[in-house]
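Have a look at the structure below before the remarks.
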Ligand code: RB5
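Residue numbers (this note's numbering): 23 to 173.
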């Protein structure tokens, strides 16, 4: 898959670890910045990443900021973007399988590189299961989320 990665200055210290984890999992990493610890505004980077997914340039994304919260709030304002903070592998996998999460948000002031190396492959290795027999309830629930999105 093509994976976009974007961060503000708060998440920058973990950006390279995310990029390496994406590549190690066998995916293409597309770096949308920022490129230093100079202060920037997280909504600008969340929007850039969301647009890359909306346009089809990328399949999924990883967003970073200090807490993971600002980028998650901003990204979820965008149609077709389903972003969540997952600082453990269970949530990173299940968020995709059950909820169709397509953007993983991480807080670089909350977690460290070793968590990133486990959470990123858990996110990328998961697929939405809502179209499988016996699992249709997940598709129904995501459909209800999309109905809210439409309104
Ligand atoms: C930046 O200082 C910080 O507010 C930002 O990275 C993020 O944590 C916001 O949610």
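The beta-carbon is built from N, C-alpha and C at its ideal position, and this holds for glycine as well.
In this text the structure is predicted, and so the values were computed from the model without any measurement.
Give me, in chain order, the residues of the same chain whose beta-carbon lies closer than 8 Å to that of residue i; leave out the 5 immediate sequence neighbours on both sides.
i           : result
residue 31  : 56, 58, 59, 60, 61 and 62
residue 106 : 94, 113, 117, 121, 123, 125, 126 and 127
residue 153 : 161
residue 159 : 152
Beta-carbon within less than 6 Å of residue i's beta-carbon, same chain only, minus the 5 sequence neighbours each way: which residues are those?
i           : result
residue 102 : 76
So, residue i versus residue j, is the Cβ gap smaller than 8 Å?
i           : j           : result
residue 25  : residue 80  : yes
residue 90  : residue 134 : no
residue 88  : residue 33  : yes
residue 138 : residue 29  : no
residue 86  : residue 36  : yes
residue 110 : residue 141 : yes
residue 23  : residue 82  : yes
residue 97  : residue 68  : yes
residue 119 : residue 148 : yes
residue 150 : residue 108 : no
Who are the Cβ neighbours of residue i in its own chain at under 7 Å, not counting the five residues just before and after it?
i           : result
residue 51  : 25, 27, 41, 44 and 45
residue 92  : 64
residue 143 : 43 and 47
Does the beta-carbon of residue i, which I'm using as the reference point, lie nearer than 7 Å to any heavy atom of the ligand RB5?
i           : result
residue 108 : no
Relative to the ligand RB5, what is the chain-ordered list of residues with a Cβ closer than 5 Å to any of its non-hydrogen atoms? 30, 32, 87, 88, 89, 91 and 92
Runs of alpha helix (DSSP H) lying entirely within the region 99-152, each at least 4 residues, in chain order: 111-121 and 135-146
Continuous alpha helix (DSSP H) assignments of at least 4 residues falling wholly in the region 38-108: 64-76 and 91-97
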